[in-house]
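In our numbering, the protein residues as written are 5 to 647.
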């Protein structure tokens with residue numbers, strides 16, 4: 005096998021070997037990044053909290069990454085109706101995980117902050133760093149009312165300010181309207197906060213302030229700005245809106261990134277809850293296990309006709325193709341203290357990898373979710389990323405109630421991805437928390453989601469009409485690769501091709517029409533075998549930026565398909581998380597997947613002529629070579645593109 009491997013790769017390495025200089029540069033960049041990381045990790049844990057009270061809900065927030073939670077008291081943080089002493093959410097937080105270009109996992113996640121910290125207050129500088137001074141200065145919230153902004157604008161209508169500027173406006177740190185275009189916030193020049201809603205609270209956090217003690221994950225270098233707001237109207241009295249802006253302040257590309265909202269939705273009495281989802285509406289839902297949410301030692305209940313609480317994605321993150329991502333996975337897990345087994349694969353995650361598994365729609369041990377029951381069915385191959393996606397009133401569907409599960413203390417992770425987040429690029433996601441109490445919902449046993457679904461439709465309609473903004477970047481199209489030996493994904497170039505002319509590209513924006521594209525092909529060396537990246541960047545007038553990358557493989561040229569004497573195929577190709585190797589009746593014993601540089605990255609045993617599903621979620625974006633063997637003889641050699 006070793007001799008056969010060497011023989012094949014003497015040919016392939018001549019085509020695909022990575023340029024040593026590139027590897028050295030990447031190692032140098034990693035060393036610098038690690039060096040920077042040790043310079044600034046001295047932030048103290050966050051201390052500040054606040055409560056937003058604009059409508060029927062009292063919403064607690066914290067600067068340590070938590071939402072709907074009172075960390076200092078380890079107590080519930082989403083009271084609705086406010087003043088009732090009854091809570092529908094105990095705690096929530098953001099989780100984000102991604103792979104760097106070397107396939108290393110970077111992750112930041114938070115739950116109750118009782119076992120450590122992964123987030124700290126404040127922004128990151130242009131080098132992706134912070135310090136305790138910055139963290140301390142931003143360990144606070146900035147809140148402002150629309151009525152204050154309206155009065156300020158009326159005062160400044162004649163170009164001068166006659167009245168005292170409210171502190172909420174003069175000290176504002178969040179997004180703003182730049183009236184004079186100098187890119188600096190100064191309320192004396194007429195600049196004012198840019199918010200949604202009648203009352204809004206803004207704050208900023210990062211994951212580089214100190215060592216990640218909550219998950220043990222490697223820091224990402226992410227800055228997250230959050231705007232929480234609401235409306236005091238009958239239609240929106242039970243709705244809270246949240247806008248997130250993520251900025252990659254590191255010098256590294258983030259690949260296969262997933263952003264998730266972790267929620268512990270204690271619906272009154274926490275011990276009798278079910279959860280489910282609506283994939284069409286990107287809706288995660290918590291509901292009571294029966295028609296009476298009793299008040300017991302487990303907490304104050306809502307009584308008869310208990311409400312639904314739901315989390316909705318209104319505007320999703322855009323991937324590199326400009327497509328909006330909704331809910332990509334919905335996973336529930338149980339309180340380890342309640343079930344009494346901290347090692348159970350369906351309970352609280354402990355490591356960074358276990359958090360990432362939940363984000364990508366798997367159990368904490370990496371086993372895929374499978375349809376039916378509790379979603380953990382070891383003998384099943386019916387893999388799904390969403391748990392309990394059917395209406396509970398549908399006796400034939402998959403829901404907790406219809407499956408006869410035992411109500412308990414649920415948590416869930418609702419995530420979106422995968423997407424790339426390149427250095428300096430920002431991504432936005434907008435959500436809403438919905439609360440609905442419907443008389444008679446439990447009259448027939450398992451309830452219907454109809455009332456909370458109708459509410460979600462109404463909220464989305466309101467959002468689209470009143471709050472949606474242009475967040476769609478231009479679409480870049482790369483012209484045909486005239487200098488290439490084959491198509492553009494990737495672009496194969498003959499060694500020694502000079503001069504090299506990068507394929508041209510154009511970009512079209514949905515609002516601005518055609519916009520300029522800048523091309524960076526400075527690292528392409530057609531005199532050295534290797535793989536190189538060309539970056540195409542386009543930005544519209546609303547600062548929506550897209551970066552599209554084209555891989556250029558420089559080599560001597562070999563059509564790997566000419567080596568193939570079989571009809572074996574792999575699909576989908578390009579792929580993301582999984583591929584299926586279809587042997588089409590050929591006998592085969594093994595498959596090996598190699599990086600362009602010749603490194604074995606995945607190997608698996610095949611069962612003769614059966615198809616094989618392969619997990620490639622850990623493979624970084626790029627081009628790979630795979631070989632299929634039958635008793636140490638290569639019978640198929642081809643490319644796999646991971647996107």
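The beta-carbon is built from N, C-alpha and C at its ideal position, and this holds for glycine as well.
Residue 658 and residue 309: beta carbons closer than 9 Å? Summary: the structure shown does not reach residue 658, with the chain confined to residues 5 through 647, and so no result is reported for it.
CB-CB length for residue 628 against residue 597, believed under 8 Å
By 1-based counting over the chain shown, the position of residue 628 is 624. By 1-based counting over the chain shown, the position of residue 597 is 593. About 5 Å separates the two Cβ atoms, so the contact holds.
Per DSSP, residue 259 is paired with what? For this step, residue 259 is matched to residue 255 along the chain shown. Residue 259 pairs with 103.
Quiz item: Taking buried to mean at least 16 other C-beta atoms within 10 Å of its own C-beta, is residue 403 buried or exposed?
Solution: The residue you call residue 403 lines up with position 399 of the chain shown. By the 10 Å Cβ count, residue 403 comes out buried.
Exercise for the section: Give the secondary structure of residue 460 by DSSP, where H, G and I count as helix, E and B as strand, and everything else as coil. Expected result: Residue 460 sits at position 456 when you count from the first residue of the chain shown. Helix at residue 460.
#### Entry: Proximity below 9 Å, CB of residue 633 to CB of residue 593
Counted from its first residue, the chain shown places residue 633 at position 629. Counted from its first residue, the chain shown places residue 593 at position 589. Contact flag set, yes.
query = Can you list, in chain order, the residues of its chain whose CB lies under 7 Å from that of residue 57, leaving out five sequence neighbours each side?
reply = Working through the chain shown from its first residue, we reach residue 57 at position 53. Close CB contacts of residue 57 within its chain, under the 7 Å cut and outside five residues either way in sequence, are with 86 (chain order).
Do you know offhand how far residue 111's Cα is from residue 580's? In the chain shown, counting from the first residue as 1, residue 111 sits at position 107. In the chain shown, counting from the first residue as 1, residue 580 sits at position 576. Going from the Cα of residue 111 to the Cα of residue 580 covers about 19 Å.
Reduced DSSP secondary structure (H/G/I, E/B, other) of residue 634: Residue 634 sits at position 630 when you count from the first residue of the chain shown. Strand, per DSSP.
Relative to the C-alpha of residue 481, which candidate in 448, 518, 456 has its C-alpha closest? Indexing the chain shown from 1 puts residue 481 at position 477. Checking every option, the nearest Cα to that of residue 481 belongs to 518.
Taking DSSP's pairing of strands, which residues face residue 582 in a bridge? Position 578 of the chain shown, counted from the start, is the residue given in the question as residue 582. In the DSSP output, where bridge partners are listed per residue, residue 582 has 619.
Query raised in the report: With C-beta atoms as the reference, is residue 230 less than 9 Å away from residue 65?
Result: Along the chain shown, one-based indexing puts residue 230 at 226. Along the chain shown, one-based indexing puts residue 65 at 61. It is a contact, given that the beta carbons lie within the stated cut-off.
Exercise for the section: Excluding the 5 residues preceding and the 5 following residue 294 in the sequence, name in chain order all residues of the same chain whose CB lies nearer than 8 Å to its CB. Expected result: In the chain shown, counting from the first residue as 1, residue 294 sits at position 290. Here the set comprises 276, 411, 446.
Exercise. Hey, residue 104 and residue 257: beta-carbon distance below 9 Å or not?
Worked result: Looking up residue 104 in the chain shown gives position 100. Looking up residue 257 in the chain shown gives position 253. In this structure, residue 257 lies closer than 9 Å to residue 104 by Cβ.
Does the distance from the C-beta atom of residue 144 to that of residue 207 stay below 9 Å? As a first step, residue 144 is located in the chain shown; it is residue number 140 there, counting from the start. As a first step, residue 207 is located in the chain shown; it is residue number 203 there, counting from the start. Yes, the pair counts as a contact, with Cβ atoms nearer than the cut-off.
Item to complete: Closer than 6 Å by C-beta to residue 553: which residues in its own chain qualify, once you throw out the five before and the five after it? Chain order, please.
Response: Here the question's residue 553 lines up with position 549 in the chain shown. Taken in chain order, the residues that qualify are 537, 539.
*asked:* Comparing C-alpha positions only, which one of 121, 132, 240, 46 sits nearest to residue 467?
replied: Counting from 1 along the chain shown, the entry for residue 467 is found at position 463. Residue nearest to residue 467 within the set 121, 132, 240, 46 is 240 (criterion: CA-CA distance).
Residue 365 beta carbon less than 9 Å from that of residue 399:
Counted from its first residue, the chain shown places residue 399 at position 395. Counted from its first residue, the chain shown places residue 365 at position 361. Not closer than 9 Å, so no.
ask   = Which residues in the same chain as residue 264 place their Cβ atom closer than 6 Å to its Cβ, once the five residues preceding and following it in sequence are excluded?
value = Here residue 264 refers to the residue found at position 260 when the chain shown is read from its first residue. Counting only Cβ-Cβ distances below 6 Å, and skipping sequence neighbours, we find 99, 363, 417, 419.
(request) Measure the C-alpha to C-alpha separation of residue 479 and residue 317 and round it to an integer number of angstroms. (result) The sequence position of residue 479 within the chain shown is 475, counting from 1. The sequence position of residue 317 within the chain shown is 313, counting from 1. Cα to Cα, residue 479 sits roughly 23 Å from residue 317.
Item to complete: Could you work out which residue in 184, 255, 515, 135 is closest to residue 214 when comparing CA atoms only?
Response: Translated into positions along the chain shown, residue 214 becomes position 210. For residue 214, the closest alpha carbon among the candidates 184, 255, 515, 135 is that of 135.
| residue 233, enclosing beta strand (DSSP E) - first and last residue | By 1-based counting over the chain shown, the position of residue 233 is 229. Unbroken beta strand (DSSP E) run through residue 233: 226-234.
For residue 142, count the other beta carbons within 10 Å of its own beta carbon; 16 or more makes it buried, fewer makes it exposed. Which is it? In the chain shown, residue 142 corresponds to position 138, counting from 1. Label assigned to residue 142: buried.
Q) Would the region 218-235 and the region 449-458 be scored as touching if the rule is three or more Cβ pairs under 8 Å? A) no
* Residue from 132, 63, 361 with nearest C-alpha to residue 109 -> Taking the chain shown and counting its residues from 1, one reaches residue 109 at position 105. Residue 361 is the option with its Cα nearest to residue 109.
Worksheet item: By how many angstroms is the C-alpha of residue 198 removed from the C-alpha of residue 319?
Response: Along the chain shown, one-based indexing puts residue 319 at 315. Along the chain shown, one-based indexing puts residue 198 at 194. Their backbone Cα atoms lie some 18 Å apart in a straight line.
| task | Pick helix, strand or coil for residue 152, following the three-state DSSP scheme. | result | Walking along the chain shown from the start, residue 152 turns up at place 148. Looking at residue 152 - three-state DSSP - the assignment turns out to be helix.
- Task: Report yes if the CB atom of residue 350 is closer than 9 Å to the CB atom of residue 337, and no otherwise.
- Result: Translated into the one-based positions of the chain shown, residue 350 becomes position 346. Translated into the one-based positions of the chain shown, residue 337 becomes position 333. Yes, the Cβ-Cβ distance between residue 350 and residue 337 is below 9 Å.
* Residues of its chain near residue 504, where Cβ-Cβ distance is below 6 Å and the 5 sequence neighbours each way are ignored -> Within the chain shown, numbered from 1, the residue matching residue 504 stands at position 500. So the list reads 528, 530, once near-sequence residues are dropped.
Q.
Counting beta carbon pairs with one atom in the region 59-73 and one in the region 81-95, are three or more of them shorter than 8 Å?
A. yes
> Who pairs with residue 640 in a beta bridge, going by DSSP?
Replying inline: Locating residue 640 in the chain shown gives position 636, counting from the first residue. Paired residue(s): 632.
| query | Distance, Cα to Cα, residue 251 vs residue 516? | reply | Locating residue 251 in the chain shown gives position 247, where the first residue counts as 1. Locating residue 516 in the chain shown gives position 512, where the first residue counts as 1. If you take the alpha carbons of residue 251 and residue 516, they lie about 24 Å apart.
Buried versus exposed call for residue 312 [16 or more other C-beta atoms within 10 Å across all chains shown] | The count along the chain shown starts at 1 and reaches residue 312 at position 308. Looking at its Cβ environment, which holds 16 or more other Cβ atoms inside 10 Å, residue 312 is buried.
In this structure, what does DSSP give as the bridge partners for residue 95? Your numbering for residue 95 matches position 91 in the chain shown. In the DSSP output, where bridge partners are listed per residue, residue 95 has 268.
Item to complete: For residue 517, write down the residues that DSSP places opposite it in a beta bridge.
Response: The residue you call residue 517 lines up with position 513 of the chain shown. For residue 517, which the question treats as bridged, DSSP gives the partners 513.
* To do: Tell me whether residue 225 counts as near the ligand ATP, meaning its Cβ is closer than 8 Å to at least one heavy atom of that ligand.
  => Absence of the ligand ATP is noted for the structure shown, with no ligands found whatsoever.
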